[in-house]
Every structure is written in structure tokens, then in C-alpha cells.
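Scroll down for the structure; my scribbles are underneath it.
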Amino acid sequence: MKTVRLSVPAGEVNLPLCVRTGQVFRWYEIQGLWAGMANDALLIVNPEGNRWSLSAVGGEPIPLFTHLFRMEVDLKSVQVQLIRRDSRWEQWVRALPGLRLMRWTSATECLFSFLCTPANNLPRITGMIERLCERYGTPIAEWGGRQWHAFPTVERLAQAEEADLRALGFGYRARTLIEVARALQAREPNWLESLAELPYWDAKQALMTLPGVGAKVADCVLLFGLNHNLAVPVDTHMWQAMQKWVLPELRGKSLTERTYRQIVDWFHERFGEWTGWAHQYLFTAHLLESQRKGE
DNA sequence: CAGGTC
DNA sequence: CCTGG
983 MKTVRLSVPA GEVNLPLCVR TGQVFRWYEI QGLWAGMAND ALLIVNPEGN
1033 RWSLSAVGGE PIPLFTHLFR MEVDLKSVQV QLIRRDSRWE QWVRALPGLR
1083 LMRWTSATEC LFSFLCTPAN NLPRITGMIE RLCERYGTPI AEWGGRQWHA
1133 FPTVERLAQA EEADLRALGF GYRARTLIEV ARALQAREPN WLESLAELPY
1183 WDAKQALMTL PGVGAKVADC VLLFGLNHNL AVPVDTHMWQ AMQKWVLPEL
1233 RGKSLTERTY RQIVDWFHER FGEWTGWAHQ YLFTAHLLES QRKGE
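Residue numbers (the numbering used here): 983 to 1277.
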């Protein structure tokens, strides 16, 4: 495993902030390094100073890192755009230096991972996905005193037994995962990936034909896995943040199809193609605040 | 109940 | 409607 160096200007990436805030689920801090699985590749990062060392198994470290963290995007200019479009974003940009919108390498992995998130929390989601990969994924590498497994293939998941998944702690999601795997097999190959080429609303509608995929999960897969920067996943954090800090007229209302759409429309009007990034700053600000308060 | 989907 | 905290 060869190690390469990459110049990372100060403030361009805060790695822990990016990988521990619900955008991705397979990153761990091990012996002062950060290791993450992206589908079938292992990336190991030493985020120190402005010359980071990167190594990878199953991929080229620099292209992989660049893809996952969207390093082609200049963070400073994103931040300027957000603040220019709505000055309230300045406080969240300041509070979250180095926060980036992540990009998965596999839409399939992204879909199955976010299917695990409804009515769930980060530690439990992480554990579920880890056990899923250990049980159904091929071993990729041994590093840092543990085995690293690829994310299971659709074929493997389609053959899984519901009882086995329940034993791994998936609860009612066990059935959904298997159903979605079989649904994907029944469609054309690359059906999921092809949604990246559709307009946002069409892609969202198509995704929501899958069992277990509602508006929120669909938006997560569109934003993180299919490069749809118009997607706005409205979960409880986004909903509360919007009511408290952005759209007071939502106070007293509940999150329905209508209010969900009202929020998406508002983001599109205000932020256009920067919607996904704007969402990420607001979401993370509320997530961290709720963690501080111990909610 | 809180979080999501049906 | 499900369901784990």
C-alpha cells in the first residue's frame, strides 16, 4: 500500500466534521489516522498540517479522496456564495470551518445505507452497516488491527434472509433492504445511476417508487449519491432549524408533503445550484447544537 | 413518544 | 401505520 502526499490548504477540509455528521457512515479514527470505506475501497488519511498523507486499497488515493470530498470545489467560494445569497448563513459558515458536502462513490451503497436511517441514530446506523458489510461483503484489506469489507452487492442482498438481517439488528428494515435489492434487480442495470441524468423532481419521483424510500431518504440519495445539488433532505434537524432560524412562518405547522415542498422551493429560489451546500451547513449546525444540548 | 414511511 | 429508546 503506497502512501502519497496531497497539499490541502488550511480550512479547506475538516475531515472529522465531514465524516461524523451523518453524510457517510463508514469512517473511523484509528491510531491518529482516519480510515473510511467507500463501497469496495479503503482510504486512509492523515489529516495533519497542509501536506496530508493518503493511502488506499482498491483505489487510487488522490482521485478517491478528491471524489469523496469534492475537492474540485473551492470551499471559500462556496461560502461566499451562501453568505451572499442569505446573510444568516454567515454564522453557520463561521461555526463550521472545513465542512464539505460529501459525494459517495456508489449510489447503491448510498441508497441501502440511508434506508437504515429512518427512526434511527448515528451510532446505531454505523453499527448496523458495519455488521452488514462483515456478514455479506467481501474482505478488502486488513489494516489497523481489523478486517475491512466491501459493501455487499445487490445480488448478495437480494439473497439475504430476513431473519439473518433481523439478527444483525435491522428490525423492520430487514425486509425493506431485501425488497429494495430485488426491486433493483428487476429494473434495468444501472437504473439507479441513470437517475443522475434526470431532472431533480423526476429523479426524486422515480426513487420514491422503491419500498422504504420516502421524500427524505430520496433526497439523501440524490444529494450524496447521485450528484443532485437541488436535493434538500428534510429530517427532524432541518425541520427544526428551518422553523427556529429561517422560516418563522413554519412555526406551529407540522412537516407534511406541503411544508416539505415549501422548504425545497424556498432553497431553490434562494440558493439555486448551491442548495445542497446551503442545506449541509444548516443541517450540521442544528445537529451539533442538539448534540451539545444532549437532546 | 420521536422519527421516519405508507 | 411500524418501532427502539
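Heads up, the beta-carbon is just placed ideally off N, CA and C, and yes, glycines get one too.
Only a predicted model underlies this, so the values are computations on that prediction, with no experimental measurement involved.
For residue i, is the classification buried or exposed, using 16 other Cβ atoms within 10 angstroms of its Cβ as the cut-off for buried?
i, result
"residue 1132", "buried"
"residue 1207", "buried"
"residue 1186", "buried"
"residue 1198", "buried"
"residue 986", "exposed"
"residue 1172", "exposed"
"residue 1201", "buried"
"residue 1043", "buried"
"residue 1155", "buried"
"residue 1123", "buried"
"residue 1106", "exposed"
"residue 1103", "exposed"
"residue 1022", "buried"
"residue 1119", "buried"
"residue 1017", "buried"
"residue 1087", "buried"
"residue 1223", "buried"
Can you tell me the Cβ-Cβ gap for residue i and residue j, rounded? I've got them flagged as a contact below 8 Å.
i, j, result
"residue 1074", "residue 1264", "6 Å"
"residue 1032", "residue 1069", "Not quite, the Cβ-Cβ distance comes to about 30 Å (not below 8 Å), so this is no contact."
"residue 1025", "residue 1046", "5 Å"
"residue 984", "residue 1035", "That belief does not hold up - the Cβ atoms of residue 984 and residue 1035 are roughly 10 Å apart, past 8 Å."
Identify whether residue i lies in helix, strand or coil by the three-state DSSP scheme.
i, result
"residue 1238", "coil"
"residue 1213", "coil"
"residue 1121", "strand"
"residue 1061", "helix"
"residue 1006", "coil"
"residue 1266", "helix"
"residue 1025", "strand"
"residue 1129", "strand"
"residue 986", "strand"
"residue 1095", "helix"
"residue 1086", "coil"
"residue 1110", "helix"
"residue 1142", "coil"
"residue 1055", "coil"
"residue 1163", "helix"
"residue 1017", "strand"
"residue 1178", "helix"
"residue 1046", "helix"
"residue 1101", "coil"
"residue 997", "helix"
"residue 1030", "coil"
"residue 1038", "strand"
"residue 1170", "coil"
Spatial neighbours of residue i within its chain, please: CB distance less than 6 Å, with the 5 preceding and 5 following residues excluded, ordered by chain position.
i, result
"residue 1261", "1214"
"residue 1089", "1174, 1175, 1207 and 1208"
"residue 1161", "1193"
"residue 1237", "1221"
"residue 1061", "1075"
"residue 1246", "1214"
"residue 1006", "1084"
"residue 1163", "1136, 1139 and 1140"
"residue 1121", "1129 and 1131"
Leaving aside the five residues before and after residue i along the sequence, list all residues of the same chain whose C-beta is less than 7 Å from its C-beta, in chain order.
i, result
"residue 1071", "1064, 1065, 1260 and 1263"
"residue 1052", "1082, 1083 and 1085"
"residue 1235", "1241"
"residue 1266", "1003, 1078 and 1081"
"residue 1249", "1214, 1257, 1260 and 1261"
Considering only residues of the same chain and omitting the five flanking positions on each side of residue i, which have a CB-CB separation below 8 Å?
i, result
"residue 1109", "1151"
"residue 1182", "1204, 1210, 1212 and 1213"
"residue 1115", "1008, 1019, 1131, 1132, 1133 and 1134"
"residue 1170", "1176"
"residue 1190", "1196, 1197 and 1200"
"residue 993", "1057, 1058, 1079 and 1080"
"residue 1167", "1136, 1137 and 1140"
"residue 1112", "1008"
"residue 1219", "1265, 1268, 1269 and 1272"
Could you tell me whether the stretch 1092-1108 touches the stretch 1250-1268, where touching means 3 or more Cβ pairs closer than 8 Å?
no
Should the stretch 1046-1060 be called in touch with the stretch 1134-1145, which here means at least 3 C-beta pairs below 8 Å?
In short, these stretches do not touch, since the Cβ pair count stays below three.
For the pair the stretch 1171-1180 and the stretch 1148-1160, tell me if three or more CB-CB distances fall below 8 Å.
no
Three or more C-beta pairs closer than 8 Å, one from the stretch 1005-1022 and one from the stretch 1223-1238: is that the case here?
The stretch 1005-1022 vs the stretch 1223-1238: no contact.
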